[in-house]
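Residue numbers (the numbering used here), protein chains in the order written: chain A, 455 to 791; chain B, 455 to 791. C-beta: ideal position from N, C-alpha, C; glycine also.
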């Protein structure tokens with residue numbers, strides 16, 4: 455079985471599978487879930503509805519999970535950790551809500567997205583509300599390092615989005631730019647989850663640093679695996695329709711590889727910048743990327759990040775933590791499909 | 455000359471007139487303007503362009519102005535004050551940028567607004583970038599009170615927006631709801647500007663509290679005067695087309711008064727909830743509101759806020775500050791038209 459076949463086979467396991475890794479902190483997860491509605495309480499019914507909407511749709515809680523695990527490297531005090539864990543998930547939710555904001559531009563396959571009246575405005579202010587709640591939760595520590603880290607991650611996430619918007623449809627084929635975008639988009643928040651988790655758990659600076667770097671590499675692999683998913687054939691109810699990034703003009707790693715290595719690269723260059731693509735055109739790009747080995751290459755890069763992430767766990771003294779974080783790392787590239 | 459005539463006559467003085475009140479802190483304004491581009495510096499050209507766009511269009515800098523004046527009540531150290539002054543203006547800019555986010559809903563007089571590709575998304579992330587920059591500037595004080603105040607104001611501003619969205623076209627005629635919306639939308643940030651200015655200037659708690667309340671009342675009057683403006687006849691190049699709030703389904707003070715006191719209130723109730731209104735319909739509502747005294751009533755409420763604001767200045771010991779803040783208060787209702 456080659457990489458691609460294995461990836462397709464495992465794609466159906468994708469959903470709701472990461473939770474078992476967090477079994478060490480299961481009680482905290484339960485406490486955290488109970489606290490969300492209270493934290494997001496507001497006397498404006500519409501705002502409460504929009505702010506808690508994402509809670510109902512589940513989510514793997516990977517950021518609080520990593521944070522709580524990282525904190526368990528040393529001292530562990532749940533009361534002290536939960537506000538930050540909540541804040542991490544809320545920052546993530548805010549980014550999803552802001553991601554809902556779309557333009558009336560003809561970028562959604564030529565059809566207007568079905569959106570309620572005012573939905574964009576509601577998304578903006580719901581996202582802001584979530585960010586402000588997270589800010590308050592993090593502010594409750596009254597700790598300069600924590601406050602600085604949040605504004606740093608927020609800034610970088612915005613830069614990542616804007617540079618992505620800037621590069622859309624332009625077919626930027628520079629791998630360094632891609633890596634810098636996904637670092638900002640995904641890796642930094644995971645890195646911060648591990649870093650501050652360890653820090654709040656009073657780990658020594660060496661451990662804090664190692665877990666921070668672990669989170670960074672894990673996040674890189676996480677996003678790469680997500681981007682690869684868009685190039686795999688659809689697979690039953692767990693699969694998403696492939697080619698979404700191509701339609702939206704987003705050049706990710708498999709495509710960037712194909713631009714440099716596929717003999718049909720010129721064909722991609724001709725089709726990709728079109729704002730409206732036919733299904734056949736999208737299918738053609740998918741085919742070129744798959745045939746030239748773009749998926750295997752990307753999985754390889756992802757695996758090398760995982761390898762580097764796991765190296766950072768070597769010095770950990772807590773054996774349970776070492777095993778749990780190592781399993782999460784393996785899962786991202788080997789089973790997250 | 456009655457109130458309305460006076461208001462119309464003074465409307466043309468509206469722009470760029472508030473700066474003279476800040477002459478006490480003129481040097482700081484100059485320093486501050488120089489710092490903006492450096493603070494908003496980023497290696498993403500599109501982001502730098504969008505983030506600094508508002509700087510070029512001027513602005514009265516009322517929030518940093520109030521803050522710097524309030525700081526001058528006591529000790530004054532420019533280096534210590536400027537980060538917060540910058541942050542206040544940047545928070546305000548973020549709210550303007552996020553306000554640019556619109557829906558494809560048919561709310562703009564039946565015409566699609568002329569917007570660049572991706573403009574909504576750019577607005578969201580530019581606003582977030584500005585907020586994160588402000589957060590970092592405020593975080594640089596490493597002061598719990600300052601951090602808590604920012605997240606509090608952010609939260610309340612979001613609540614204000616969502617409750618406004620919630621009430622749009624529903625013709626909510628409760629004055630208490632209107633006052634609570636404008637408090638969140640406008641008054642809180644002005645109040646915070648004065649409060650933290652005094653606090654950073656090491657004023658005693660009594661003065662901090664008085665200036666905070668002064669800023670609150672000033673902000674209420676400020677927003678009321680802005681809302682009244684929408685009911686005054688257009689007036690040359692300084693006037694904005696009246697009736698914008700009516701078209702957007704926003705019930706402000708003059709309209710709320712008319713709903714309770716105009717004999718043609720039922721006519722308003724019939725027209726107002728329509729998402730598309732003809733020019734004649736908008737004109738009819740304007741006429742009813744003007745004829746029943748809705749403008750005079752609103753100006754009266756605004757003036758009573760100004761009176762209460764000025765009472766809070768009585769205990770100030772610095773005579774220059776007392777005069778400057780008193781003049782600003784007078785200007786808001788008497789000359790801001």
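Quiz item: Roughly how many angstroms lie between the CA atoms of residue 584 of chain B and residue 714 of chain B, to the nearest whole one?
Solution: Working through the second chain from its first residue, we reach residue 584 of chain B at position 130. Working through the second chain from its first residue, we reach residue 714 of chain B at position 260. Rounded to whole angstroms, residue 584 of chain B to residue 714 of chain B spans 41 Å at the Cα level.
Quiz item: Taking all protein chains shown into account, do 16 or more other C-beta atoms lie within 10 angstroms of the C-beta of residue 774 of chain A, making it buried, or fewer, making it exposed?
Solution: Position 320 of the first chain holds residue 774 of chain A. By the 10 Å Cβ count, residue 774 of chain A comes out exposed.
Quiz item: Nearest-angstrom Cα distance between residue 589 of chain A and residue 607 of chain B?
Solution: Mapped onto the first chain, residue 589 of chain A falls at position 135. Mapped onto the second chain, residue 607 of chain B falls at position 153. Cα to Cα, the separation comes out at about 11 Å.
Practice problem: Run the CB neighbour count on residue 724 of chain B, radius 10 Å, all protein chains shown included, and call it buried at 16 or more, exposed below. | Solution: To locate residue 724 of chain B, count along the second chain from 1; it is residue 270. Exposed: under 16 other Cβ atoms inside 10 Å.
Quiz item: Does the segment 652-665 of chain A come close enough to the segment 606-625 of chain A to have 3 or more Cβ pairs within less than 8 Å?
Solution: No: the two stretches stay apart, fewer than three of their Cβ pairs being nearer than 8 Å.
Quiz prompt | Span separating the alpha-carbon of residue 479 of chain B from that of residue 602 of chain B | solution = Translated into the one-based positions of the second chain, residue 479 of chain B becomes position 25. Translated into the one-based positions of the second chain, residue 602 of chain B becomes position 148. When rounded, the distance between both Cα atoms is 27 Å.
Quiz item: If we cut at 8 Å on Cβ distances, does residue 555 of chain B have a partner in chain A?
Solution: Within the second chain, the letter at position 101 stands for residue 555 of chain B. Yes, contact with chain A.
Quiz item: How long is the line joining the alpha carbons of residue 778 of chain B and residue 672 of chain B, rounded to whole angstroms?
Solution: Position 324 of the second chain, counting from 1, holds the residue named residue 778 of chain B. Position 218 of the second chain, counting from 1, holds the residue named residue 672 of chain B. Distance between the alpha carbons of residue 778 of chain B and residue 672 of chain B is about 13 Å.
Quiz item: Leaving out five residues before and five after residue 664 of chain A in sequence, what residues of the same chain have Cβ atoms less than 7 Å from its Cβ?
Solution: Numbered from 1 along the first chain, position 210 holds the residue referred to as residue 664 of chain A. 766 and 769, listed in sequence order.
Quiz item: Apart from the five residues on each side of it in sequence, which residues of its chain come closer than 6 Å, Cβ to Cβ, to residue 525 of chain B?
Solution: Residue numbering aside, residue 525 of chain B sits at position 71 when the second chain is read from its first letter. Answer for residue 525 of chain B: 535, 651, 654 and 655, listed in chain order.
Exercise. Please list the partners that residue 660 of chain A has in chain B, where partner means a Cβ-to-Cβ separation under 7 Å.
Key: Position 206 of the first chain, counted from the start, is the residue given in the question as residue 660 of chain A. Result: empty, since nearest Cβ-Cβ is about 25 Å, beyond 7 Å.
Exercise. Determine the direct distance from the alpha carbon of residue 545 of chain B to that of residue 475 of chain B, and round the result to whole angstroms.
Key: Residue numbering aside, residue 475 of chain B sits at position 21 when the second chain is read from its first letter. Residue numbering aside, residue 545 of chain B sits at position 91 when the second chain is read from its first letter. When rounded, the distance between both Cα atoms is 22 Å.
Self-check item: residue 773 of chain B: first and last residue of the uninterrupted alpha helix (DSSP H) it sits in
Solution: Walking along the second chain from the start, residue 773 of chain B turns up at place 319. It spans 773-788 - the alpha helix (DSSP H) in which residue 773 of chain B sits, taken as one unbroken run.
Exercise. Report the option in A/516, A/577 and A/708 whose CA atom is closest to the CA atom of residue 647 of chain A.
Key: Numbered from 1 along the first chain, position 193 holds the residue referred to as residue 647 of chain A. Closest by alpha carbon: A/516.
Exercise. Report the rounded CA-to-CA distance for residue 615 of chain A versus residue 634 of chain A, giving the unit in angstroms.
Key: By one-based count along the first chain, residue 615 of chain A stands at place 161. By one-based count along the first chain, residue 634 of chain A stands at place 180. If you take the alpha carbons of residue 615 of chain A and residue 634 of chain A, they lie about 11 Å apart.
Exercise. Evaluate the contact criterion for the segment 477-495 of chain B versus the segment 537-557 of chain B: three or more CB pairs, one atom per stretch, below 8 Å.
Key: yes
Quiz item: What are the boundary residues of the alpha helix (DSSP H) that includes residue 764 of chain A?
Solution: As a first step, residue 764 of chain A is located in the first chain; it is residue number 310 there, counting from the start. 748-765 is the extent of the alpha helix (DSSP H) around residue 764 of chain A.
Quiz prompt | Helix, strand or coil at residue 664 of chain B according to DSSP, with G and I counted as helix | solution = Position 210 of the second chain, counted from the start, is the residue given in the question as residue 664 of chain B. Helix.
Quiz prompt | Cβ of residue 628 of chain B within 8 Å of any chain A Cβ | solution = What you label residue 628 of chain B is simply residue 174 of the second chain in a count that begins at 1. By this cut-off, residue 628 of chain B is not an interface position.
Exercise. Give every residue of the same chain whose Cβ lies closer than 8 Å to the Cβ of residue 611 of chain B, excluding the five residues on either side of it in the sequence, and list them in chain order.
Key: Sequence index remark: in the second chain, residue 611 of chain B carries index 157 (1-based). So the qualifying residues of the chain are 549, 638, 639, 642 and 643.
Exercise. Classify residue 668 of chain A as buried or exposed, calling it buried when 16 or more other Cβ atoms lie within 10 Å of its own Cβ.
Key: The residue labelled residue 668 of chain A in the question sits at position 214 within the first chain. Per the 10 Å Cβ criterion, buried.
Practice problem: Could you please tell me which residues of the segment 588-612 of chain A, in chain order, have their CB closer than 8 Å to any CB of chain B? | Solution: 589, 590, 593, 596, 598, 601, 602, 604, 605, 606, 608, 609, 611 and 612
Practice problem: Please list the residues of the segment 487-499 of chain A that have a C-beta atom closer than 7 Å to any C-beta atom in chain B, keeping them in chain order. | Solution: 496 and 498
Self-check item: chain A residues whose Cβ lies nearer than 7 Å to that of residue 574 of chain B
Solution: The residue labelled residue 574 of chain B in the question sits at position 120 within the second chain. Residues of chain A passing the Cβ test: 555, 556, 557 and 574.
Self-check item: Chain-order list of residues whose beta-carbon lies under 6 Å from that of residue 703 of chain B (same chain, five-residue window excluded)
Solution: Along the second chain, read from residue 1 onward, the residue named residue 703 of chain B stands at position 249. Cβ within range, chain order: 622 and 623.
Quiz prompt | Per-residue burial, residue 705 of chain A [other beta carbons within 10 Å of its own, 16 or more giving buried] | solution = Here residue 705 of chain A refers to the residue found at position 251 when the first chain is read from its first residue. Counting Cβ neighbours within 10 Å, residue 705 of chain A comes out buried, since at least 16 surround it.
Exercise. Indicate whether at least one CB of chain B lies closer than 8 Å to the CB of residue 526 of chain A.
Key: Within the first chain, the letter at position 72 stands for residue 526 of chain A. With 8 Å as the cut-off, residue 526 of chain A does not count as an interface residue toward chain B.
Quiz item: What residues of chain B sit near residue 620 of chain A, judged by a beta carbon separation below 7 Å?
Solution: Sequence index remark: in the first chain, residue 620 of chain A carries index 166 (1-based). The contact set of residue 620 of chain A on chain B, defined by CB atoms closer than 7 Å, consists of 498 and 500 in chain order.
Quiz prompt | Reduced DSSP secondary structure (H/G/I, E/B, other) of residue 731 of chain B | solution = Along the second chain, one-based indexing puts residue 731 of chain B at 277. Residue state for residue 731 of chain B is assigned as coil, using DSSP reduced to three classes.
Quiz item: What span of residues does the alpha helix (DSSP H) with residue 600 of chain A cover, start to end?
Solution: Within the first chain, residue 600 of chain A is the residue found at index 146, counting from 1. First-last of the alpha helix (DSSP H) with residue 600 of chain A: 598-621.
Self-check item: chain B contact residues for residue 615 of chain A, given Cβ-Cβ distances below 7 Å
Solution: Locating residue 615 of chain A in the first chain gives position 161, counting from the first residue. What residue 615 of chain A touches in chain B: 579.
Quiz item: Between residue 755 of chain B and residue 783 of chain B, what straight-line distance do the alpha-carbon atoms span, to the nearest angstrom?
Solution: Here residue 755 of chain B corresponds to residue number 301 of the second chain, with the count starting at 1. Here residue 783 of chain B corresponds to residue number 329 of the second chain, with the count starting at 1. A straight-line Cα-Cα distance of about 14 Å links residue 755 of chain B and residue 783 of chain B.
Quiz item: Any Cβ of chain A within less than 8 Å of the Cβ of residue 586 of chain B?
Solution: Here residue 586 of chain B corresponds to residue number 132 of the second chain, with the count starting at 1. For residue 586 of chain B, the answer is yes, since a Cβ of chain A falls inside 8 Å of its Cβ.
Quiz item: Name the chain B residues whose beta carbon is nearer than 8 Å to that of residue 552 of chain A?
Solution: By 1-based counting over the first chain, the position of residue 552 of chain A is 98. Result: 578, 579 and 582.
Quiz item: Is it right to say residue 745 of chain A is buried, meaning 16 or more other beta carbons lie within 10 angstroms of its own, or is it exposed?
Solution: Counting from one through the first chain, the residue named residue 745 of chain A turns up at place 291. Looking at its Cβ environment, which holds fewer than 16 other Cβ atoms inside 10 Å, residue 745 of chain A is exposed.
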